[in-house]
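Numbering of the sequence shown is given in the numbering used here, commencing with residue 200 and proceeding in unit increments.
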Amino acid sequence: MSNDILTQLQTCYDQLLTQLFSTLSYLSQRHPLIHPIPDPNDPYTNPPTQDGHDNTNTIAPGLEDTDRAPYPLRPVAPSTFENAQQELAEDLVLKTQQIELLIARLPGIGLGENQQREEIEKLSVKVREMEERRKAKRKEMREYVKKLDDVVLGMAKSIEYSPKEANGVNGHDKG
């Protein structure tokens with residue numbers, strides 16, 4: 200049972216990572232373009248244009264925001280972006296809750312280290328006992344197979360075969 204939980208947990212982690220990547224990709228590619236608040240002490244707030252003039256009134260997209268970029272910026276309307284942002288956040292929260300639920304179902308969760316150690320010792324003893332029983336049953340089965348072989352061989356030796364019997368005739372006159 201715990202093996203199934205571990206498999207489900209791994210699948211959920213994989214799905215969560217995929218969701219995180221997709222969310223970050225969407226947010227970085229679809230955010231609406233807005234002017235940053237100008238900071239006179241920060242040259243990156245409104246970097247100068249290539250001709251050296253101050254760029255305070257226009258938005259100049261960087262190379263990563265052009266169509267030549269591997270993932271070009273394609274802004275959507277602010278309301279659409281906010282709705283998608285909310286939905287993506289809810290999906291991430293649901294997936295993390297699913298992971299938390301699976302973790303809570305793992306055996307040994309909520310037990311102290313000593314209690315877990317005792318549980319492992321009990322299970323180890325149980326496994327050893329079952330292995331001994333399995334070995335005893337295998338030995339018993341081998342003995343029964345040997346007895347059955349002896350019975351079959353004894354019956355085969357007690358029946359005399361003659362050439363007539365081998366041809367399908369049992370030696371009795373059919374009249």
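Don't be surprised by glycine CBs; every beta carbon is placed ideally from N, CA and C.
Quick check on the DSSP output: the alpha helix (DSSP H) that includes L272 runs from which residue to which? Taking the sequence shown and counting its residues from 1, the one referred to as residue 272 is at position 73. Unbroken run through L272: none, as it is neither H nor E.
D376 (DSSP reduced to helix, strand or coil): The question about residue 376 has no answer, for the chain in this structure spans 200 to 374.
Give the straight-line distance between the Cα atoms of K336 and E286, rounded to the nearest whole angstrom. Looking up residue 336 in the sequence shown gives position 137. Looking up residue 286 in the sequence shown gives position 87. Rounded to whole angstroms, K336 and E286 show a C-alpha spacing of 59 Å.
Cα separation between R273 and T222? One-based indexing of the sequence shown puts residue 273 at position 74. One-based indexing of the sequence shown puts residue 222 at position 23. Between R273 and T222, the alpha-carbon positions lie close to 15 Å from each other.
Taking its Cβ as the centre, do 16 or more other Cβ atoms sit within 10 Å of L347, making it buried, or is it exposed? Locating residue 347 in the sequence shown gives position 148, counting from the first residue. It counts as exposed.
Please report the distance separating the alpha-carbon of I298 from that of P306. Counting from 1 along the sequence shown, the entry for residue 298 is found at position 99. Counting from 1 along the sequence shown, the entry for residue 306 is found at position 107. Going by the C-alpha atoms only, they are around 15 Å apart.
Sequence-distant residues of the same chain with beta carbon closer than 7 Å to D290, five excluded per side: Looking up residue 290 in the sequence shown gives position 91. Closer than 7 Å at Cβ, skipping near neighbours: Q218.
Measure the CB-CB distance between L208 and I302 and report whether it falls below 8 Å. Here residue 208 is taken as the residue at index 9 of the sequence shown, counted from 1. Here residue 302 is taken as the residue at index 103 of the sequence shown, counted from 1. For L208 and I302, yes; Cβs fall inside 8 Å.
Could you give the first and the last residue of the continuous alpha helix (DSSP H) run that contains G309? Indexing the sequence shown from 1 puts residue 309 at position 110. Premise fails: G309 is in no alpha helix (DSSP H) and is neither H nor E.
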